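Undergrad:
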Amino acid sequence: MEPMHCGKPRPRQVVVPLLRRDSIGASHHVLTFDCEQPLEAAPGQFAMVRGAQWGESPFLPRPMSILTAGRRPSILVKVVGEGTRRLASSEPGELFTVHAPLGVGWAPCPEDRVPVLVAGGVGVCPLVFLARGLTEQGRRAIALYGGRSAGDLPLDDELAEVTDLRIATEDGSLGQLGRVTVLLESAIEETKGRLKVYACGPRAMMARVVEMCRAADAPCEVSLETIMGCGYGVCLGCAVPKVGGGYLYACSEGPCVDGHAIAWES
Amino acid sequence: MEPMHCGKPRPRQVVVPLLRRDSIGASHHVLTFDCEQPLEAAPGQFAMVRGAQWGESPFLPRPMSILTAGRRPSILVKVVGEGTRRLASSEPGELFTVHAPLGVGWAPCPEDRVPVLVAGGVGVCPLVFLARGLTEQGRRAIALYGGRSAGDLPLDDELAEVTDLRIATEDGSLGQLGRVTVLLESAIEETKGRLKVYACGPRAMMARVVEMCRAADAPCEVSLETIMGCGYGVCLGCAVPKVGGGYLYACSEGPCVDGHAIAWES
Amino acid sequence: MRCDPSVKVGALTLKNPVLTASGTFGYGLEFEPYFDISALGAICTKGLSLLPRIGNAPPRICETASGMLNAIGLANIGVEAFCTDKLPSLRERNVTVVANIFATSIEDFAALARRLDREQGIAAIEVNISCPNVDKGGLEFGVDPQMAAAVTSAVKKVTKLPVWVKLSPEAGRIAVIARACEEAGADALCAINTIRGLAIDVQTWKPRLSNRTGGLSGPALKPIAIRMVWEVAKAVKVPVIGIGGVTCAEDAIEFMLAGATAVQVGSANFRDPLAAHKIAQGIVDYCERRAIDPRELIGKALL
Amino acid sequence: MRCDPSVKVGALTLKNPVLTASGTFGYGLEFEPYFDISALGAICTKGLSLLPRIGNAPPRICETASGMLNAIGLANIGVEAFCTDKLPSLRERNVTVVANIFATSIEDFAALARRLDREQGIAAIEVNISCPNVDKGGLEFGVDPQMAAAVTSAVKKVTKLPVWVKLSPEAGRIAVIARACEEAGADALCAINTIRGLAIDVQTWKPRLSNRTGGLSGPALKPIAIRMVWEVAKAVKVPVIGIGGVTCAEDAIEFMLAGATAVQVGSANFRDPLAAHKIAQGIVDYCERRAIDPRELIGKALL
Ligand SMILES: Cc1cc2nc3c(=O)[nH]c(=O)nc-3n(C[C@H](O)[C@H](O)[C@H](O)COP(=O)(O)OP(=O)(O)OC[C@H]3O[C@@H](n4cnc5c(N)ncnc54)[C@H](O)[C@@H]3O)c2cc1C
Ligand SMILES: Cc1cc2nc3c(=O)[nH]c(=O)nc-3n(C[C@H](O)[C@H](O)[C@H](O)COP(=O)(O)OP(=O)(O)OC[C@H]3O[C@@H](n4cnc5c(N)ncnc54)[C@H](O)[C@@H]3O)c2cc1C
Ligand SMILES: Cc1cc2nc3c(=O)[nH]c(=O)nc-3n(C[C@H](O)[C@H](O)[C@H](O)COP(=O)(O)O)c2cc1C
Ligand SMILES: Cc1cc2nc3c(=O)[nH]c(=O)nc-3n(C[C@H](O)[C@H](O)[C@H](O)COP(=O)(O)O)c2cc1C
Ligand code: FES
Ligand code: FES
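Quick note, the sequences are listed as chains A, B, C and D, same order.
Every letter in the first sequence is one number past the one before it in this note's numbering, and letter 46, counting from 1, is 49.
Every letter in the second sequence is one number past the one before it in this note's numbering, and letter 40, counting from 1, is 43.
Every letter in the third sequence is one number past the one before it in this note's numbering, and letter 98, counting from 1, is 208.
Every letter in the fourth sequence is one number past the one before it in this note's numbering, and letter 250, counting from 1, is 360.
1. So does the region 125 to 133 of chain D actually touch the region 154 to 172 of chain C, counting three or more Cβ pairs closer than 8 angstroms?
2. Using DSSP with H/G/I as helix, E/B as strand and the rest coil, what is MET231 of chain B?
3. Is GLY157 of chain D near ligand 5, with its Cβ less than 6 angstroms from a heavy atom?
4. With three or more beta-carbon pairs closer than 8 angstroms as the criterion, would you say the region 299 to 318 of chain C touches the region 348 to 365 of chain C?
5. For the alpha helix (DSSP H) containing LEU179 of chain C, name the first residue and the last one.
6. Which residues of the region 276 to 308 of chain C have a Cβ closer than 7 angstroms to any Cβ of chain D? Give them in chain order.
7. Please report the residue range of the beta strand (DSSP E) in which GLN374 of chain C lies.
8. Just to confirm, does SER60 of chain A get its C-beta within under 6 angstroms of one of the non-hydrogen atoms of ligand 3?
9. Along chain D, in chain order, which residues have C-beta atoms closer than 7 angstroms to that of SER176 of chain C?
10. Taking GLN256 of chain C as the reference, which of C:GLY231, C:LEU222, C:ILE216 has the closest Cα?
11. Could you give the first and the last residue of the continuous alpha helix (DSSP H) run that contains GLY352 of chain C?
12. With distances taken between CB atoms, is the gap from PRO104 of chain A to PRO12 of chain A smaller than 7 angstroms?
13. Name the chain C residues whose beta carbon is nearer than 7 angstroms to that of VAL243 of chain B?
14. Between the Cα of VAL183 of chain B and the Cα atoms of B:ARG169, B:VAL107, B:GLY196, which residue gives the shortest distance?
15. Under 8 angstroms between beta-carbons, which chain B residues line up against CYS172 of chain C? List them in chain order, please.
16. According to DSSP, which residues form a beta bridge with ASP25 of chain B?
17. Return the chain-ordered list of same chain residues with a C-beta closer than 6 angstroms to the C-beta of SER26 of chain A, the five sequence neighbours on each side being excluded.
18. Between C:ARG337, C:GLY369, C:ILE153, which has its C-alpha nearest ALA233 of chain C's C-alpha?
19. Taking 6 angstroms as the cut-off, is the CB of LEU331 of chain D close to at least one heavy atom of ligand 4?
20. Pull up the distance between the alpha-carbon of THR229 of chain B and that of ILE78 of chain A, whole angstroms please.
21. Alpha carbon to alpha carbon, how far is VAL225 of chain A from ARG23 of chain A? Give it in angstroms, no decimals.
22. Ligand 3 and SER377 of chain C: does any heavy atom of the ligand fall closer than 6 angstroms to the residue's C-beta?
23. Cβ closer than 8 angstroms: which chain C residues qualify as neighbours of GLU59 of chain A?
24. Closer than 7 angstroms between the C-beta and any heavy atom of ligand 7: which residues qualify, listed along the chain?
25. What is the DSSP secondary structure of CYS241 of chain B, counted as helix, strand or coil?
26. If the criterion is Cβ atoms closer than 7 angstroms, does the pair LEU187 of chain A and ALA153 of chain A meet it?
27. From the beta carbon of PHE135 of chain D, is the nearest beta carbon of chain A less than 7 angstroms away?
28. Just the C-alpha distance for ARG306 of chain D and ARG337 of chain C, rounded to the nearest angstrom, thanks.
29. Does ligand 3 have a heavy atom nearer than 6 angstroms to the CB of ILE211 of chain C?
30. Kindly indicate if chain C contains any beta-carbon less than 7 angstroms away from that of LEU105 of chain B.
31. Nearest CA to the CA of HIS102 of chain B: which residue from C:LEU384, C:ILE393, C:ALA372, C:ASP395?
32. For a cutoff of 7 angstroms on Cβ pairs, would you count PRO333 of chain D as touching chain C?
33. For PRO118 of chain A, report the span of its beta strand (DSSP E) as first-last.
34. Taking 7 angstroms as the CB-CB cut-off, is PRO20 of chain A touching chain D?
35. At least one CB of chain C closer than 7 angstroms to the CB of ARG13 of chain B: is that the case?
36. Considering only the beta carbon of each residue, do SER148 of chain C and ARG201 of chain C sit closer than 7 angstroms?
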């Protein structure tokens, strides 16, 4: 895997039309945009997205992981509030400001470790992108994907194409009964601790994953989902407490960061 | 013509989908809504309209003359700012709050006078509605319709169907060269002053029409287009200065009022 | 669980915590076609003065981002006409009426209260010491604790009705004014009135309102209003009534969590005549879903 | 007509009337990938304190209707690191730099100014006496005319740089503070900083920000900001720089018509890194269309 931290493509803000909206169930929607100039992005980077016609409210753009780059970049939106509701109900042709690529993507996986991707809900996006990159390099990741029930696992098919996918649901409606951490336990055993974990999902999940990796002495990167104002380092709104005090800024020092560096308890 | 002031239908606010949008040139759009319960309205009454998904900004609904009533009521929108831009760019299926019928419509035309409708721009709406009502009663109005050029005369065909229509444009691109007041001069002569004028259009036009009617000793009703907050008499935002001091409220005492009662100069 | 939405504002029990704000609900009777307004916590009348006022020249309102400016100039029919033409109908309909009053001198405030005290069917007097849109007597009373206290006690002295004082957000420290009014006998404090704003037309280079400045209301104002309600609620023991940008039940609940016993719905009435009614219902729904009593919300975020 | 957009703020000539507001533009270098920031009127740095500050615990921001609340807590790298790590690059790029400073005592304000006075490449010092988001030393200086004047003259005494004072909207009478600062030697007045607001999560019953209150910025604030700029511009002779909710050229022009010589673009930078650049261009377009000089706009609606 190529170094993703250096030689980062330059972020730009463009106004582009929505090309298509693919809705997966009621609350997940893949939005694909039509860009004249291809969007170059590395797995784990994100975009700040806002409807060009939203007027003054909602005021700020919304951070969204980049699912695919290129001329037709896409994101996966889960409806949680007004901004995501508007994104989810937009129609092809509508104009959006897309500010991307932003942030620091995933770091390469050491040759001697198995990449294990742990996804929860929409946290799957940056991991699908990562898995595709790994596949291109001829590496195959193990993916662990969990949710409350089968309906909370968008893009499971996409993930299955490029990984060795294992699923857990809390209600047992798909895959193993229980949380994704059960799957991680097996994966740690299976790889005899020679794994590198990449995790993205709810905060509580990521905290638990990091804890398990610490016990197994395994590296663990996480993609942080904090509230963001600007997405490019100028508002200082996205502070995340670090181990040992102080804060890191999720948008410019992350979103992909060393999970062991985060003070999860705070 | 039945008395429109009394026995007014009760106003209601409903949430209804846009059924169709018919655009006339770039800046005029007829919006037709789909109401379960028919909208009962008298010519000259108006609706307060707002997109149900606009969020908090634009904040207020926009007053729009009712063009047609019934199960599929319609309005004609001219784009002048953010609210009308949003109305004009909305797609069938989008939901709107429609609060109608509001205000006092046109008063009946005395049997011994010829109804003469003077329209400027989108002021044509309440006059088309009026002309249709008059036609149903077996009366035919003279309509005088003016604008800067041919493109400023939406619904001229609709008006021609139900009136004896005469057109004036300032650039001479359609009808007589000049302002609509030139046509009014002839109409006053033609009817030997036995006319009742109904006018709706830009303030300056209405002021001039009222002045000419005063000189001819003819009754003249106008439909006021003031800024409105609520449209139903509770914000006191729509004050219009009266002859002799004080204000009348365009939404509850109008929009159709005796033109001679308005202090146009102020 | 069926919840009982009634709240007590001092000795007065309101059917529910949703009132309508002065100047945004006419005299109440305008809502006849829409719903039974006696079901509301209360309605606050348009500000009443001793003599009728015709108000400011137009334009009186304009829209701003998520809000609006108004400079109505306290147009009203006068206290006398209110008592004879409006109040009897309201009384007949069993509406809980709060009479909002406005004057340019302490004497006139007292005279208004004295006049209203003679009437049946008024639940409380709301003293507006915070109107930004009149030449005289609006803000002075609201930004100076001594003046605010003087108006409050002058009104208290001449009426047995509960006296609510409506605070201005333009006082540097709203809690200081609030405490002064409480000490002077206010039975409840209402916060906030509008904040003065200005909008200029970049085509004509003229202010959008004839009065130049106007009071900002609507959702734009809400975070400031919530903060002020929180500050006032921490500073006083009497009930606080929250006002500013309430458009939905969640907004009302936010005010209650910040310390408000009840809320007033203002500009939202312009968008939807049923706004207050729906908000009251929404609070009941929220509380039933959570199996709590609406009164439990009051001040829960005060910590 | 080709128009020359430059404006004079006291003795200082700015390339155009569009600056970027403190705390919304980092230290400027973050904009390297987007455009040449030396083309701006000026950039105001994130508020600098004597020692680095890590800022408040998250959440630090939340969105409100047409605006946002922030309680960053003046996180900054400290004046020393600014002078050694950031300023040289800015100087090299010919950026017009306004150093925004913040302290909790008059002595520290003076110390900051003294330190900055030693550096080349600083066009002016902007004294923030109006930060609502710190425990100490934010608002006290901004709401009391004596204190505001004391800070101003302490800073003036130790620097030859132009001193701008950034006013708080929370002073009861902003014009009084403005006049006090002018008399104490301020070379320009910047208005306004954010107004404190509060937002509460109705699910968790907790404030949305860890600091509880935060400063409201964005278009929601604009009418209040315009009104205050108008009041300040009427009260003083020194230039006024307008801030609050500027998102487009029309907003900037509105501020200028109200009396501002220049404007600062704040939260709008979060939506669009090119916001300030586009606004500067929009003002030129507006003026060329009307064949006027941008300076002619200043105060045209003051009457
Ligand atoms: C780097 C990054 C990548 C992300 N990728 C995706 C993605 O691919 N797909 C997706 O659906 N979502 C993603 N998110 C989360 C998404 O940004 C938020 O869900 C969205 O901003 C909420 O906006 P809203 O207006 O719908 O909700 P609001 O009404 O603003 O808030 C609703 C709830 O969501 C919380 N919230 C608000 N903003 C954020 C935020 N930035 N992150 C997390 N929670 C938030 C609020 O605290 C509140 O509880 C990502 C966030 C980050 C920081
Ligand atoms: C009774 C009545 C009937 C109307 N009927 C129609 C109609 O059938 N079709 C139509 O296109 N328009 C009609 N209007 C005018 C329409 O309401 C306004 O054009 C609209 O509210 C402007 O909203 P906006 O957000 O687009 O413009 P804004 O951005 O709010 O303002 C743009 C410009 O329009 C002016 N304006 C704002 N509100 C009004 C208003 N209520 N009346 C007049 N000017 C206003 C502003 O002062 C400004 O100069 C009617 C108005 C009234 C009072
Ligand atoms: C058009 C209008 C007229 C108002 N008139 C009065 C009034 O007469 N007396 C008063 O105390 N407040 C008056 N107010 C203030 C409101 O009662 C309320 O305090 C303010 O609008 C904030 O609430 P909102 O954001 O819900 O509108 C008026 C507000 C508006 C918008
Ligand atoms: C995230 C954020 C941080 C800010 N930090 C500072 C600061 O450090 N110093 C300061 O004087 N003002 C600060 N401000 C205030 C802005 O400079 C500006 O006065 C305010 O945001 C209003 O302008 P706006 O509406 O254009 O954002 C900050 C504002 C925001 C939103
Ligand atoms: S989101 Fe603005 S600094 Fe990170
Ligand atoms: S528009 Fe509100 S009273 Fe007429």
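Backbone N, C-alpha and C fix where the C-beta goes; we use that ideal spot for every residue, glycine too.
Everything numeric in this text was worked out from a predicted model, so none of it was measured.
TA: On the basis of the coordinates in this document:
1. no
2. coil
3. In this structure, GLY157 of chain D has its beta carbon at no less than 6 angstroms from each heavy atom of ligand 5.
4. yes
5. Run containing LEU179 of chain C: none in the alpha helix (DSSP H); it sits in the beta strand (DSSP E), 177 to 180.
6. Flagged, chain order: GLU280, ALA281, GLY282, ILE305, ARG306, GLY307, LEU308.
7. 372 to 375
8. no
9. Here the neighbours are ALA175, SER176, ALA330.
10. C:ILE216
11. It is not in any alpha helix (DSSP H) - GLY352 of chain C instead sits in the beta strand (DSSP E) that spans 350 to 353.
12. It is a contact, given that the beta carbons lie within the stated cut-off.
13. Those are PRO168, listed as they occur along chain C.
14. B:ARG169
15. ILE230
16. DSSP lists B:VAL33 as partners of ASP25 of chain B.
17. HIS32
18. C:ILE153
19. For LEU331 of chain D, the Cβ falls inside the 6 angstroms cut-off from some heavy atom of ligand 4.
20. Using only the alpha carbons, I get a separation of about 45 angstroms.
21. 30 angstroms
22. Using a cutoff of 6 angstroms, the CB of SER377 of chain C counts as near ligand 3, since one of the ligand's heavy atoms is closer than that.
23. Ordered by position in chain C, the residues that pass the 8 angstroms Cβ test against GLU59 of chain A are ALA175, SER176.
24. With respect to ligand 7, the structure shown offers nothing to examine, as its ligands consist of ligand 1, ligand 2, ligand 3, ligand 4, ligand 5 and ligand 6.
25. coil
26. Not a contact, by the Cβ cut-off of 7 angstroms.
27. yes
28. 7 angstroms
29. no
30. no
31. C:LEU384
32. yes
33. 117 to 123
34. no
35. yes
36. Taking 7 angstroms as the Cβ cut-off, SER148 of chain C and ARG201 of chain C do not qualify as a contacting pair.
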